[in-house]
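Mapping the sequence shown onto my numbering, position 57 (from 1) lands on 180, and the numbers just tick up by one. Glycine residues also receive a C-beta, built at the ideal position from the N, C-alpha and C atoms.
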Amino acid sequence: MRRLTFLVCLGFLASSVGVCVSTSIAEVVPDVPENETKKADKPTFSKDVQPLVARYCYGCHGNGKSLGGVVLDKYKDEDSVQKKLKLWEKAADNVRSGNMPPDGKPHPTLDELDLLNTYFDTAVFKVDCANGKKDPGRVTIHRLNRAEYNNTVRDLVGVDFNPANDFPIDDAGYGFDNIGDVLSMPPILLEKYLAAAEQVVDRAFQSPELKKKLLNPPPNPKFEKEKGGRAVLRAFAERAYRRPATDSELKRMQRLVDSAQKSGDGYDKGIQLAMEAVLVSPHFLFRIEMGAENEKPTDFYGINDWELATRLSYFLWSTMPDEELFALARDGKLRKDDNLDKQVRRMLKDPKAAALVENFFDQWLQIRGLKTFTPNPEQFPTFNEPLRTAMQKETELFCGHVIKEDRSLLDFLDADYTFVNERLAKHYGMEGVQGDDFQKVTIKDNRRGGVLTQASILAITSNPTRTSPVKRGKWILENILGTPPPPPPPSVPELKEGNEAALSGTLRQRMEQHRADPNCATCHQRMDPLGFGFENFDAIGAWRTQEGKHAIDASGVLPGDVKFNGPAELRAILKKRGGAFGRCLTEKMLTYALGRGMERYDKCTLDEIAKNLAKENYKFSSLVLEIVKSDAFQKRRGMKPG
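Take a look at the structure:
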């Protein structure tokens, strides 16, 4: 397999200089078996790497010095490195991120960095995918985020309001706000949970219909003889905890009911108190996967059907499982026959799948940022709130269509259709669309196609006063090709703006002058051509052929001498390189589905899913099914003892 790294671009700050290793789009896609790489091409530690470590690292981590408790001069050969892989992983990450060597110290040359990168990938970070045993990782206990809480309360109790809207904003990690490691529990949130639980149950019991439903649950086939409060509480707790309630849990709930009755508050009040207690229980607020006793942290274990149903429902619906999923979990049949396939396809067609658009696609495409986009009103007088709303609606309807119709994922790169209402159609120069309702239209002029030319994406990758080829190119590298550039070096001067800028030529011409700085050129050679390809669209996504008095030049040359002229040709190139996009989207969606960032051991899973995705012609359902059937989704690593 052609050497593939998780960080194709090395962000290395050397004397305030950003160094980026250029790569062509094709290089992102693995296409040559790794075992065909010539052994002679691989650097060794003692011959190639140790001299570089001595030259650039021993000043702080050798020759009697041990800054941070790290000593590197005791490692002389491959065997000694293999015994301390965690240490060398950290060292490699520091080099790749630009944290080491520190400013003011000598830095490796670009060729030396490439050699180090090759060694790290072939020796330190090497993952054996041939043995068929894929590490599924382990997800941190996952607190329900605001969207998940609102949706879960809605489906559990039936109330029609969103109590979590008053909760603190959820932190995000890896681009998503459902990452277990960053979903903290600030003290104020516990107070909000207590107030929300009381509100939710009160509203439910004020509705005769909801109250009747809660107090008369369908009989549990495994506890047919249970009647009264215990049956009510068991049904409620089982759904709230997404697993069977234990006898000890039911006893604690029953004590609340008994206490209320003894104090004269009555049976209904007792049930309310018990239900409120359930809604502030960690087993409701957190998605907890209970490990068995004596698990080994080095072994892998399949999650049970209840846990699988929960992972599946929060992945596709951002809410608790429905009764059909619960029934399969209760009977242990979710994995049997072809039930899992059927459930995935059913769930993707369900209206609840709109949550996948709102919570995955909106964050992957970053169009939540559209809410704060404020273009200069003098330069863009046609921009208003109805247009802002229409921009986001177009992208969401487009993504929803890909889901419902099981379209190819490559439609995101180029498609001959979109969704507009009269306001957005006017902005796009389309005729024949009237009214506020959105309709699917065929794109006839080839100016637009896919999400890259939708106004929502073009706007969030622009500045308030002008387009930004850098932002647009960076967005494509990060979200389409999966090869993000490093952070820019400090003290980079801003481009000239206003009348002075207009006299010096188009934005493209000004940026080419700006890129004359060799410290900036390497990375901008990757970003800027991608951004220039969409210069026919202004900062709010309207088509243009001129910038002031100057004609727009939307041509470019990508690494590998791949030339294009205009957005249509660039879209075609990106679509042709669909493998890079497929792998990038696989990584984004697997991150969202698991609620954790990707680790090096996930490489085998990502490679396998991306490979199978290409075989299935990039169908959306294929991506979801490949994720759901993966070891990463269906298993977890054992818990650490103690």
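In angstroms with no decimal places, state the Cα-to-Cα distance between residue i and residue j.
i, j, result
"Phe483", "Thr232", "40 Å"
"Ala755", "Phe438", "13 Å"
"Arg362", "Glu446", "9 Å"
"Lys459", "Tyr741", "26 Å"
"Val144", "Thr245", "Only weak support is given to the placement of Val144: the predicted model assigns it a pLDDT of 33, under 50, and the question is left unresolved by the model."
"Asp461", "Asn735", "19 Å"
"Lys686", "Arg649", "13 Å"
"Gly656", "Thr668", "13 Å"
"Gly182", "Lys165", "27 Å"
"Leu626", "Gly671", "Low confidence applies here, because Leu626 scores a pLDDT of 48, under 50, leaving its location unreliable and the question unanswered by this model."
"His265", "Asn343", "28 Å"
"Cys646", "Gly555", "43 Å"
"Met762", "Gly414", "7 Å"
"Pro291", "Leu267", "13 Å"
"Leu313", "Lys698", "47 Å"
"Leu133", "Glu321", "Its pLDDT being 27, under 50, Leu133 is placed unreliably by the model, and the measurement read from it follows with that caveat. Using only the alpha carbons, I get a separation of about 52 Å."
"Ser330", "Pro341", "19 Å"
"Leu317", "Val324", "11 Å"
"Asp464", "Ile750", "12 Å"
"Arg366", "His184", "51 Å"
"Val201", "Asn217", "The residue you asked about is not Val; residue 201 is Glu in the sequence shown. Going by the C-alpha atoms only, they are around 20 Å apart."
"Glu349", "Gly389", "20 Å"
"Gln173", "Cys252", "28 Å"
"Gly492", "Met376", "44 Å"
Assign residue i to one of two classes, buried (16 or more other C-beta atoms within 10 Å of its C-beta) or exposed (fewer than that).
i, result
"Gly701", "buried"
"Asp428", "buried"
"Asn499", "exposed"
"Pro309", "exposed"
"Asn766", "What the structure shows of the chain is the stretch from 124 to 765, and residue 766 is not part of that stretch, so it cannot be assessed."
"Lys597", "buried"
"Arg378", "exposed"
"Leu746", "buried"
"Val543", "buried"
"Arg759", "buried"
"Leu471", "buried"
"Ser753", "buried"
"Thr421", "exposed"
"Glu347", "exposed"
"Ile426", "buried"
"Ile526", "buried"
Does the beta carbon of residue i fall short of 7 Å from some heavy atom of the ligand ADP?
i, result
"Ala360", "As for the ligand ADP, it is missing from this structure, which has no ligand bound."
Leaving aside the five residues before and after residue i along the sequence, list all residues of the same chain whose C-beta is less than 6 Å from its C-beta, in chain order.
i, result
"Trp440", "Lys475, Ala478"
"Glu658", "Ile675, Ala677"
"Asp258", "Tyr724"
"Phe660", "Leu581"
"Ser585", "Ser591, Ala662"
"Asp559", "Asn544"
"Arg326", "Val282"
"Ala360", "Ala368, Val401"
So the candidates are the options; which of them puts its Cα closest to the Cα of residue i?
i, options, result
"Glu550", "Gly558, Ala578, Gln562", "Residue 550 is actually His in this sequence, not Glu. When only C-alpha atoms are compared, the closest one is Ala578."
"Glu418", "Cys646, Arg261, Lys672, Gly182", "Arg261"
"Phe449", "Glu430, Asp464, Leu533, Asn507", "Glu430"
"Gln632", "His673, Arg667, Asn602", "His673"
"Arg723", "Leu236, Val250, Phe535, Val194", "Val250"
"Leu457", "Gln205, Ser436, Lys472", "Ser436"
"Ile603", "Ile580, Asn586, Thr588, Ser585", "Ile580"
"Pro509", "Lys494, Thr241, Gln502", "Lys494"
"Phe168", "Arg266, Thr541, Leu238", "Leu238"
"Asn301", "Phe409, Asn586, Asp370", "Phe409"
"Cys319", "Asp391, Gly705, Asn586, Tyr272", "Rather than Cys, the amino acid found at residue 319 in this sequence is Ala. Ranking the options by Cα distance to Ala319, first place goes to Tyr272."
"Arg694", "Arg366, Ala665, Pro340, Thr576", "Thr576"
"Lys594", "Pro652, Glu545, Ala548", "Pro652"
"Gly664", "Ile583, Ala360, Arg491, Thr728", "Ile583"
"Glu692", "His524, Asp537, Arg434", "Asp537"
"Glu739", "Thr606, Arg530, Cys707", "Arg530"
Among residues of its own chain, excluding the 5 on either side of residue i, which ones have a beta-carbon nearer than 7 Å to its beta-carbon?
i, result
"Tyr364", "His406, Phe407"
"Ala149", "Because the pLDDT of Ala149 is 40, which lies under 50, any placement of that residue in the model is unreliable, and the question is left without a value."
"Lys228", "Gly182"
"Thr433", "Arg365, Arg410, Pro444"
Whose C-beta lies closer than 8 Å to the C-beta of residue i among residues of the same chain, with five residues either side of it excluded?
i, result
"Leu190", "Cys183, His184"
"Asp171", "Leu238, Tyr242"
Query raised in the report: For the 8 Å Cβ check, are there 3 or more pairs between the region 705 to 715 and the region 394 to 410?
Result: no
Report task. Count the CB pairs spanning the region 288 to 306 and the region 331 to 346 that are closer than 8 Å, and state whether there are at least three. Result -> By the criterion of at least three beta-carbon pairs nearer than 8 Å, the region 288 to 306 is not in contact with the region 331 to 346.
Query raised in the report: Below 8 Å, can you find three or more Cβ-Cβ pairs linking the region 505 to 522 to the region 481 to 497?
Result: yes
Requested in this report: Give a yes or no on contact between the region 192 to 200 and the region 168 to 178, applying the rule of three or more CB pairs nearer than 8 Å.
Outcome: yes
Query raised in the report: Using 8 Å as the threshold, is the region 564 to 574 in touch with the region 533 to 548, meaning 3 or more CB pairs across them?
Result: yes
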